[in-house]
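In the order they appear, the protein sequences are chains A and B. Heads up: the first sequence is residues 452 to 997, going by my numbering. Heads up: the second sequence is residues 2 to 312, going by my numbering. From the three backbone atoms N, C-alpha and C, an ideal C-beta is built for every residue, glycine too. Only one structure is covered here, and it is reproduced in the block below.
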Amino acid sequence: MSAASAAGASTTAGGKPNATPAAANATPSAGGALIEAALGNLSKTLHPYPDSASYTQPWIDAAALIWGGADGGGALLAFDWDTLDYRPAMAAQMPRVSSDGKTFTFTLRGDLTWSDGSPLTADDFQFAYEQGDREDNRYVQLDLLQDIATYRTPDRQTVEVALKDARPREVALGIVNIISPVPKNVWSGRAWNDAASNPEILHPSVVLGPFRIQDFLIAEHATFVPLDRYYLGRPTVPLVEILANQQPTVAYESLKSGRANWVHALPPAQYEEAKANPELSVKEWTAANAPYRSLEFNLARPFLSDKRVRQALAYAVNRADLLDVADQGLGVPQYSFVQPTNQRWVNNGVDRYDFDLARAGQLMQEAGYRLQNDQLLGKDGQQVRLQVVYPTSSGPRTRIAAYLQQQYRQLGIAVDAKGLDFNAYTDQVQGRHDFDISLAAYGGGSIDPDLGVKAQLITNGQQNVTGYSNPRVDDLFKQAAVELDSARRKQLYDQIQALVNADLPSHYLYALNSVDAFSNKVHGVTTHRGNRLDYNNALLAWSVDQ
Amino acid sequence: MTSFVVRRAAQSVVLFFIVISGVFCLVHLTPGGPEAALAQNPRVGVDELQQLRQRFGLNDALPVQYVKWVTNAAHLDFGQSYFYQRPATQVVGERLMPTLQLGLMAYVIALLGVPLGAVAALHRGRMADTLVQLIVTVGAAVPTWWLGLSSIVALNSLTGWFPNGQGQGNAVEWLKYIILPASVLGLGGLVSFARLVRSGVLDTLGEDFVRTARAKGLGPSLVASRHVLTNALLPVITLLGGLLPSVLSGTLVTEYVFAWPGVGRLFYEAATSRDYPLLLAVLTMTTFATILGTLMADVGYGLVDPRVRYA
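Okay, here's the thing in structure tokens:
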């Protein structure tokens, strides 16, 4: 899996030299195991090229350990979440770019090997590209591969990728870096997607590293041991164990008791206690690609098609209160579709719709709705009712629904809060568009608007659940997708943010903090600007006391 | 007796068919198919969602899907799990052993309710009865999830005696892992058995034949074991049959709290992700176990109580 998928891109010029982790040349350590109490499942597959059904966070975590990972050493380049730019990984240096900006030529490092000691060559990249590009192999990022015109390997050390069109640097690097190598000698001739006949899919015998699988019981736990010959060095920890499917309280108790020493995404309910526990260390940060919450208005509904109504509904929400109520204050207010911490692309000058209940009531009156006996009457003389839908699997969104019921009651609006299980919620919102307000959560992927949020805002975009359509916004997105000048591109996204906030198809609430808790026995953990700790490279530097 | 068994077996086959047909329809009519959650991924386009539905065979009319499913299920082929990408029977098979271990161990613990109920009844109003009544009342009132979490905090985190998850290694290790979840899971059965047996024994103690046995000069222990318990235990047979499905299907809450890799958690996972082949495989197995358990209880009851055969 390449860096492009989860990392996205930035426009800073040039890549810094390959930053080999401090522990890269360290000798094997006698430290303790890193044990993560994971709240979710383990990945159902360890295929290096998953399809859309298998491309999950557990897969990304497992891939970070055995295939080099999304942001680590598993591709030609790695996305550096400190600088928000690419740097060389399996490539010896940043690629040479042709004068037309379409062809990128990489030279591989000379020390790349697979876990069995066989050399890793450009042939393995070529093989991976050929398999990933086949429609019947159903690779989840096939759409990005379709931007590639040719993928060639003139010799064992050279990879040459030509794009169909010149793209902005950060987008282009994301695309040309999409291919991670697959051990051709092992996978050639095997069924690519049939786990029943290809045991490599569930238990790869040859991997890249930095770890190899020791034990992988999908419903229970997985253990990984370091490879001696990983090209970035041997990991310091002698073992990584992931305990699967831990109930949140149990996960936290495991951390306290020493059964585990890491809980990723610590539940808010345990946050305060963990902070006060001298045996634990809580890492908390707001990432550039932080997940965020928003209200999505269904513009097909007559009541919500009036911009003044949407503005009134936005003014009636106090972001700070809501953040406290729903997510225990673990986040920062967000005012546009770009997270406030994504300094590369955020426009801080957009309309904010800060809490103002009087202004909200006034806007409703201007829109032709009158308040009578504490009820906002619609044009048919009946009280206005709104259906707010949300997935019941999300506790915070359940609380947001309750908050909206209270706030909108002050405008005289009755809110029907409708909780659904996740698939039913998605079907109701994205499939049938049967809702008034959807409580959404986005983010966590690319920081580049072209690779992520665009699908929510362009006409008929895949994730455009509001029905929003503004030809000017569509046109600006098109321009930004091919604009090669970084400063000009930033201006285009600034304009888009201003336009979208003025139209208000969605009301952006706040970006969420990432919170991880560790035992004090774990050393060397540093946060960065991505929403997940760098599971791949970081493990080369982390250490655990016995 | 043979005609009774044949009649009940035939009824069970018809019932099984009706139930799994209903289950098939309910599963497919639940809003949000397996592809719905994938629509949240901006990388997954509308075309791909359609291709997924096609690949999963979900674009056929429901009756067509049903006929295909029944035909294959008759050969124990429940299709490929959408997300595990392996035969559903294989995935269920992997989870069956942990669930059987947990279920049988819980069954053993639940059966402790029989002597407890008997002791309580035979010592009515005394300390033993009060203690059993206390266990029964608390056991019935405390939610499983709370009891599970509390026992983990007390006996796992604080003392480290009983670790979480499925045990590996020797019998002692295995027992250390299974004893907590099995106790929590078995407590419900223990409470039911204790209540049923206590009230059954109390009723039987007032019967004429018991008085006759005493009048013949039999000792209290002989009266209790030969005359009272053998009759009081008849209703327990029904309860034993009813426990079979829970042994096979697992219990979601217990498996979730104790991170036990069993069928109950698999069922939840399949239901939330709408993995129809997997979900239907689990439900078919559970339905089969429920109906088989009921049949066994009926036949068992018929064996010990001849009046039932003619009902």
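Spatial neighbours of residue 268 of chain B in its own chain (CB-CB distance under 6 angstroms, excluding positions within 5 residues in sequence) are listed in chain order as 283. In this model, residue 961 of chain A and residue 901 of chain A are separated by some 21 angstroms (Cα to Cα).
In chain order, 580, 612 place their CB closer than 6 angstroms to the CB of residue 602 of chain A, counting only its own chain and leaving out the 5 sequence neighbours on each side. The beta carbon of residue 501 of chain A is closer than 7 angstroms to those of 510, 591 in its chain, skipping five residues each way along the sequence. In the DSSP assignment, residue 734 of chain A is bridged to A:967. Around the CB of residue 96 of chain B, 16 or more other CB atoms lie within 10 Å, so the residue is classed as buried. A distance of 7 angstroms or more separates the beta carbons of residue 760 of chain A and residue 720 of chain A. Contact check for residue 652 of chain A and residue 672 of chain A: beta-carbon distance about 20 angstroms, past the 8 angstroms limit, so the pair fails to qualify.
Boundaries cannot be given for residue 629 of chain A, as no beta strand (DSSP E) includes it and DSSP labels it neither H nor E. Along the stretch 39-51 of chain B, the positions whose C-beta sits under 8 angstroms from a C-beta of chain A are 39, 40, 41, 42, 43, 44, 45, 46, 47, 49, read in chain order. With its beta carbon less than 7 angstroms from one in chain B, residue 875 of chain A belongs to the interface. For residue 666 of chain A, the enclosing beta strand (DSSP E) has its first and last residue at 662-668. Secondary structure note for residue 84 of chain B: it is in no beta strand (DSSP E), with a DSSP letter that is neither H nor E. Counting C-beta pairs with one atom in each stretch, the stretch 113-120 of chain B and the stretch 181-200 of chain B have three or more that are closer than 8 angstroms, which means they touch. Neighbours of residue 157 of chain B in chain A, taken as residues whose beta carbon is under 9 angstroms from its own, are 701, 704, 705, 708, 710 in chain order. DSSP places residue 37 of chain B outside any alpha helix (DSSP H), giving it a letter other than H or E. In the three-state reduction of the DSSP assignment, residue 565 of chain A falls in the coil class. Per DSSP, residue 864 of chain A is not a residue of any beta strand (DSSP E), being assigned neither H nor E. Looking at the DSSP output, residue 531 of chain A shares a beta bridge with A:536. Within its own chain, the residues whose Cβ lies closer than 7 angstroms to the Cβ of residue 289 of chain B, once the five positions on either side in sequence are excluded, are 17, listed in chain order.
Flagged as an interface residue toward chain A: residue 275 of chain B, by a C-beta distance shorter than 7 angstroms. For residue 215 of chain B, the secondary structure class from DSSP, reduced to helix, strand or coil, is helix. By the Cβ-count criterion, residue 700 of chain A is buried, with 16 or more other Cβ atoms from all chains shown falling within 10 Å of its own Cβ.
Residue 605 of chain A and residue 621 of chain A have their C-alpha atoms roughly 25 angstroms apart.
By the Cβ rule, the stretch 861-878 of chain A counts as touching the stretch 24-40 of chain B, because three or more pairs are nearer than 8 angstroms. Residue 554 of chain A has A:613 as its beta-bridge partners, per DSSP.
If one requires a minimum length of 3 residues, the beta strand (DSSP E) runs lying completely within the stretch 732-809 of chain A are 743-748, 782-784, in chain order. Look at residue 94 of chain B: its C-beta is not under 7 angstroms from any C-beta on chain A. In this structure, B:191 is the residue among B:176, B:191, B:164, B:154 with its C-alpha nearest to the C-alpha of residue 109 of chain B. Following the DSSP letters along the chain, one finds residue 606 of chain A inside the beta strand (DSSP E) bounded by residues 599-606. Remark: C-beta atoms of residue 843 of chain A and residue 870 of chain A approach each other more closely than 7 angstroms. For residue 677 of chain A, the enclosing beta strand (DSSP E) stretches over residues 672-677.
Secondary structure of residue 116 of chain B (DSSP, three-state): helix. Among the residues of chain B, those whose CB is under 8 angstroms from the CB of residue 882 of chain A are 33, 37, 40, following chain order. Annotated as distal: residue 954 of chain A and residue 798 of chain A, with beta-carbon spacing of 7 angstroms or more.
In the three-state scheme derived from DSSP, where H, G and I count as helix and E and B as strand, residue 266 of chain B is classed as helix.
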